[in-house]
DNA sequence: CCCTAAGGTGAGTCGGGTTCCGTTTATGGG
DNA sequence: CCCATAAACGGAACCCGACTCACCTTAGGG
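Residue numbers (our numbering), protein chains in the order written: chain U, 5 to 189; chain A, 5 to 189.
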């Protein structure tokens, strides 16, 4: 790949991230291209569709989040690690409104564009759940994919005062996950 | 309102319901108008925007669902009534794919178009929760509005096998709601 | 330095919601 | 019964935004 092509690709991703995470999640392609200093044609040379660009930005954010579970599991008991990760997602949904929409799109839809991100996030949750089950602190039979869905609804909250609501319902979910566990905390 | 106008309004709602609940939830306005035997101009005489028409169809469906809680509370203990209502929502999400999307739109977004439906549904959940709290079977401090959000994610599930997932996570939610109640069942 | 394939451009297409205004029609008073 | 008139209707035109394509520019190896 030519040097200028790589540069433009990066510029587009940066412009899109800037737009999505700090403001309107539905910035027009013309606007994104303009911010990146290129024309729309160039945007489409690098990304199949507008949605593909969105997906790539979000995938990178999700990848960063997915690095947390191993760290949390090393530092806390599984049950607490799970609780903290759930809250971490809620917190991230709070920066700008972009990240919340990102997480919601990934978690609450079936769009094939987000398959990668969804899989990655489900795997992260699976690790936390498995550790919790092994320690007898979490009920068995819950998959990361399933948990992801409930979280999608939470991260999509936008109304005023949503953050308190999100924390509250996350606590309910967490309690539900412990309900019926071998050794509930 | 003139008789023919009322007839056309009904025809439009019927056509839209038909389209949304049995097939593609994003039928074009031309298509809906055609099915109703009118032109687009007429559609726009009766509904501000396409979304307003969608909202009206969904509001009617939601109103029907919201009639259930009083009946359930008369027939079952509060805790069981709550459980059954949650499952009722999941079931309704399964007919066609339209109803699921309807419920998701209403529950998981903040679109002002769905304000009425959202309020109505939150009130229904509030009644169930309040009865549960009064009976000591449900934890205190959870509002219908909050619960609505978690349900939004669930009703929006579309992947294959989603119904099992939905039932499972609904059970988790329900357990979480009982966790810490005065007299957990 | 030049050749060429990779890369870039942006006016144009296309699809879908919305608007606008000329035409048609229901309906109530004469 | 018929006309007046306001309400309702039709559908072509418009707008907006994602996407395409035919042509131009340029990096960079030989």
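C-beta atoms are modelled at their ideal positions from N, C-alpha and C, and glycine is treated no differently.
All values reported here derive from a predicted model rather than from experimental measurement.
DSSP three-state label for residue i, please.
{"i": "residue 74/A", "result": "helix"}
{"i": "residue 119/U", "result": "helix"}
{"i": "residue 128/U", "result": "helix"}
{"i": "residue 144/U", "result": "coil"}
{"i": "residue 48/U", "result": "helix"}
{"i": "residue 172/U", "result": "helix"}
{"i": "residue 156/U", "result": "helix"}
{"i": "residue 42/A", "result": "coil"}
{"i": "residue 103/U", "result": "helix"}
{"i": "residue 83/A", "result": "helix"}
{"i": "residue 6/U", "result": "coil"}
{"i": "residue 179/A", "result": "helix"}
{"i": "residue 96/A", "result": "helix"}
{"i": "residue 29/U", "result": "coil"}
Is residue i buried or exposed, if buried means 16 or more other CB atoms sit within 10 Å of its CB?
{"i": "residue 26/U", "result": "exposed"}
{"i": "residue 111/A", "result": "buried"}
{"i": "residue 108/U", "result": "buried"}
{"i": "residue 138/A", "result": "exposed"}
{"i": "residue 32/A", "result": "exposed"}
{"i": "residue 169/A", "result": "buried"}
{"i": "residue 78/U", "result": "exposed"}
{"i": "residue 103/U", "result": "buried"}
Quick test of your reading: residue i and residue j, contact by CB under 8 Å. State the CB separation rounded to the nearest angstrom.
{"i": "residue 61/A", "j": "residue 121/A", "result": "Contact flag wrong, Cβ pair sits at about 10 Å."}
{"i": "residue 35/A", "j": "residue 23/A", "result": "7 Å"}
{"i": "residue 19/U", "j": "residue 40/U", "result": "4 Å"}
>> Short of 9 Å Cβ to Cβ, which residues in the region 131 to 155 of chain A face chain U?
In response: 143, 145, 146, 147, 149, 150, 151, 152, 153, 154 and 155
> Should the region 45 to 62 of chain U be regarded as contacting the region 90 to 99 of chain U, the criterion being three or more beta carbon pairs within less than 8 Å?
Replying inline: Flag = no, the region 45 to 62 of chain U and the region 90 to 99 of chain U do not touch.
>> Under 7 Å, CB to CB, which of the residues in the region 171 to 182 of chain A have a partner in chain U?
In response: 172, 173, 176, 177, 179, 180 and 181
> Does the count of Cβ pairs from the region 154 to 166 of chain A and the region 144 to 162 of chain U closer than 8 Å reach three?
Replying inline: yes
>> Check whether the region 122 to 129 of chain A and the region 135 to 151 of chain U are in contact - that is, three or more C-beta pairs closer than 8 Å.
In response: no
>> So if I threshold CB-CB distances at 8 Å, which residues from the region 33 to 53 of chain U count as touching chain A?
In response: none
> Using Cβ-Cβ distances below 9 Å, what residues of the region 115 to 130 of chain A are close to chain U?
Replying inline: Those would be none; no residue qualifies.
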